[in-house]
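Read through the structure below, which is laid out as structure tokens, and then see the notes.
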């Protein structure tokens, strides 16, 4: 919920700014990253900071997280994103009505991602590949940061580094599909916008059904990222961590033993 409040909030601010003085692509990337950091700090103790179904599924596939918890966790993530988007929708209702009274594609991007961020030139296959690649990077690095045998960040700095990771993904892979890299982040706000005046929220700017892409592609990407980490990094970790750190998110056995 915290993630979506900051993420959709900054996009709403930028999209409704008449002269563009209230932000740009970089400020959007930073707000999403800080939203991740703050969301992880808020939820870490209660849920292990699961904010993203693609990460949750990857943790179940490769890190011993219980498959029985995947569906309830994912639904909770979706519900939090939905409620947060409704809050942003209500907060920015006047400004949205001023700049886009018909609730068109012009402001739909506040809540959900689009190929080419609503512009021309990006095909569905390219957007799909972009989401697979972005989420694979996300999960690969998260696994690197949270695996105790891989010298993770000291003390409680992990959320800060994960937030910086999201900023980096946004700055490097933000053009093709808006870097959803999180099924709940896209579907929750998309449904909220659909229920509050955006009749075309399930489609892209060309009228093609699009809501499925930021769900399926990140899940595939997360599994690829997790598999690559397992293959390229974890299978080769044999030494104890110097400080005896433990993986707080998921209890996992020491590799290669």
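In the numbering used here, the protein residues as written are 33 to 289. Heads up, the beta-carbon is just placed ideally off N, CA and C, and yes, glycines get one too.
Practice problem: Just the C-alpha distance for residue 168 and residue 265, rounded to the nearest angstrom, thanks. | Solution: Distance between the alpha carbons of residue 168 and residue 265 is about 14 Å.
Self-check item: Identity of the residues DSSP links to residue 235 by a beta bridge
Solution: Its beta-bridge partners are 241.
Quiz item: Is residue 234 near residue 245, with beta carbons less than 8 Å apart?
Solution: Contact flag unset, no.
Quiz item: How should residue 215 be labelled, buried or exposed, when 16 other C-beta atoms within 10 angstroms of its C-beta is the threshold for buried?
Solution: Per the 10 Å Cβ criterion, buried.
Exercise. Kindly examine the ligand MG and report whether one of its heavy atoms sits closer than 7 Å to the Cβ of residue 115.
Key: Annotation note on the ligand MG: not contained in the displayed structure, which lists no ligands.
Quiz item: When we look at the beta-carbon of residue 51 and count the other beta-carbons within 10 Å, is it buried (16 or more) or exposed?
Solution: Around the beta carbon of residue 51, a 10 Å sphere encloses fewer than 16 other beta carbons of the protein chains shown; the residue is thus reported as exposed.
Quiz item: Can you tell me where the alpha helix (DSSP H) with residue 64 in it begins and where it stops?
Solution: In this chain, the alpha helix (DSSP H) harbouring residue 64 covers 57-79.
Quiz item: Is residue 109 helix, strand or coil by DSSP?
Solution: If DSSP states are grouped into helix, strand and coil, residue 109 belongs with the helices.
Quiz item: How would you call residue 162, buried or exposed, if buried means at least 16 neighbouring beta carbons within 10 angstroms?
Solution: Result: buried.
Quiz prompt | Cβ shell of residue 44 (< 6 Å), same chain only, five flanking positions each side left out | solution = Annotation for residue 44: 120, 124, 142 place their beta carbon closer than 6 Å to its own, counting only its chain and skipping 5 residues before and after.
Self-check item: Given residue 71 as reference, the closest of 35, 170, 173, 53 once Cα atoms are compared
Solution: The option with the nearest alpha carbon to residue 71 is 35.
Quiz item: Is the segment 184-200 close to the segment 60-68, with three or more CB pairs under 8 Å?
Solution: Enough Cβ pairs lie closer than 8 Å, so yes.
Quiz item: For the candidate residues 222, 231, 229, 58, whose alpha-carbon lies nearest to that of residue 111?
Solution: Residue 111 has its Cα closest to that of 222, out of 222, 231, 229, 58.
Self-check item: Boundaries of the alpha helix (DSSP H) in which residue 126 is found, first to last residue
Solution: 125-131 is the span of the alpha helix (DSSP H), which, as asked, contains residue 126.
Quiz item: From this set, 238, 138, 114, 81, which residue's C-alpha is nearest residue 220's C-alpha?
Solution: Closest by alpha carbon: 114.
Quiz item: Can we say the segment 124-136 touches the segment 170-183, given the rule of at least three CB pairs closer than 8 Å?
Solution: No, the segment 124-136 is not in contact with the segment 170-183.
Quiz item: Which runs of the alpha helix (DSSP H) fall wholly inside the segment 150-187 and span at least 4 residues, in chain order?
Solution: For the segment 150-187, whole alpha helix (DSSP H) runs of length 4 or above, ordered along the chain, are 156-178.
Quiz item: Would the beta-carbon of residue 40 fall within 8 Å of that of residue 191?
Solution: Taking 8 Å as the cut-off, the Cβ atoms of residue 40 and residue 191 do not count as close.
Practice problem: Indicate the three-state DSSP secondary structure (helix, strand or coil) for residue 268 in the structure shown. | Solution: The answer is helix: DSSP assigns residue 268 an H, G or I state.
Quiz item: Do you know how far the Cα of residue 236 is from the Cα of residue 204?
Solution: So the alpha carbons of these two residues sit roughly 22 Å apart.
Quiz item: Is residue 202 closer than 8 Å to residue 61 when the C-beta atoms are compared?
Solution: Taking 8 Å as the Cβ cut-off, residue 61 and residue 202 qualify as a contacting pair.
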